[in-house]
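Written out below as structure tokens is the structure these notes cover.
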Amino acid sequence: MKTFLTLVLAVVMTMSTFAQFEKDASHEDLDFWKFKVQLENYVKAKDVNGLKQLLADNVYGNEHNYEMMDVSKEAFIDNYFQEDAEDSWSVLASILRFGFSKNKNRNLAGPVPVPETTFNGPAYLNEINSDTELIILGQNVNIRRFPALDAKIIGKASYEKFDCDCDITTMDKDAYQIADGITWIRIRLADGRTGYVASKYTSFEMTKELTVGKVQGEWKIISFVQSPGC
7 MKTFLTLVLA VVMTMSTFAQ FEKDASHEDL DFWKFKVQLE NYVKAKDVNG LKQLLADNVY
67 GNEHNYEMMD VSKEAFIDNY FQEDAEDSWS VLASILRFGF SKNKNRNLAG PVPVPETTFN
127 GPAYLNEINS DTELIILGQN VNIRRFPALD AKIIGKASYE KFDCDCDITT MDKDAYQIAD
187 GITWIRIRLA DGRTGYVASK YTSFEMTKEL TVGKVQGEWK IISFVQSPGC
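For what it's worth, the numbering used here labels the leading residue of the sequence shown as 7, then goes sequentially.
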């Protein structure tokens with residue numbers, strides 16, 4: 007009985023920790039919630055034609071060279087859902103997993119008019135400064151003293167926020183390393199120590215942000231861009 011209660015408590019604590027970053031606001035607008043359900047169905051089915059129905063006539067995005075651009079929905083589909091289709095579907099699934107935040111008067115640096123209210127995913131982007139913080143997006147993720155699989159484990163973390171040198175334009179050479187076939191990112195613990203976690207389990211690897219706004223009374227995808235700080 008004691009073991010069962012301990013397990014229940016651990017699950018509740020993990021869910022509580024995760025909830026502080028998730029904060030999915032999709033339920034705040036019934037029409038948007040219906041839009042999100044449609045999007046989830048299209049992503050699960052990898053339905054390009056269905057997805058196209060949810061796009062604004064013009065979508066703000068960036069290509070592999072990170073140049074920002076305003077393109078037609080047809081060009082958007084060609085850019086993201088032809089050669090790199092699997093990656094794009096995977097990114098959309100991850101964004102949906104972590105929900106949307108509701109934002110007002112949030113401007114995008116580009117030519118696409120942004121509605122007064124938008125929903126942006128993943129929701130946790132509102133909770134961090136992507137240049138100096140990251141979130142571990144997994145349960146019991148190992149934190150190691152050095153970037154190596156045989157390095158000492160100095161802690162574990164589940165859906166927690168840490169300080170990091172995550173700005174790729176200013177980070178030093180030790181902040182982001184590849185070893186043992188794994189990409190590692192350095193984080194700072196609350197007690198001042200530094201450690202390394204596998205980058206794939208962190209928000210540092212979530213490099214895209216999806217913005218949805220109302221266009222002529224209907225929720226539409228208006229932007230799919232590289233997240234700040236990545």
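Ideal Cβ positions, reconstructed from N, Cα and C, are used throughout, including at glycine.
* Asked: What residues in its chain sit with their C-beta under 7 Å from that of Asp-186, if we drop five residues either side in the sequence?
  -> Ala-154, Leu-155
* Specify the secondary structure class of Asn-109 as computed by DSSP and reduced to three states. => strand
* According to the neighbour-count rule (16 or more other Cβ atoms, all chains shown, within 10 Å of its Cβ), is Leu-216 buried or exposed? -> buried
* Say yes only if the C-beta of Asp-53 is nearer than 7 Å to one or more non-hydrogen atoms of the ligand MG, and no if none qualify. => As far as ligands go, the structure on display features none, and thus does not contain the ligand MG.
* To do: Taking the CB atoms as reference points, tell me whether Glu-139 and Asp-169 lie closer together than 8 Å.
  => yes
* Among residues of its own chain, excluding the 5 on either side of His-33, which ones have a beta-carbon nearer than 7 Å to its beta-carbon? -> Trp-39
* C-alpha distance - Ala-181 paired with Arg-151, whole-angstrom precision -> 13 Å
* Asked: How many whole angstroms separate the CB atoms of Thr-208 and Ile-141, which I take to be in contact at a CB cut-off of 8 Å?
  -> 7 Å
* Asked: Between Thr-124 and Lys-79, what straight-line distance do the alpha-carbon atoms span, to the nearest angstrom?
  -> 19 Å
* Distance between Lys-108 and Lys-42 (C-alpha atoms, nearest Å) -> 13 Å
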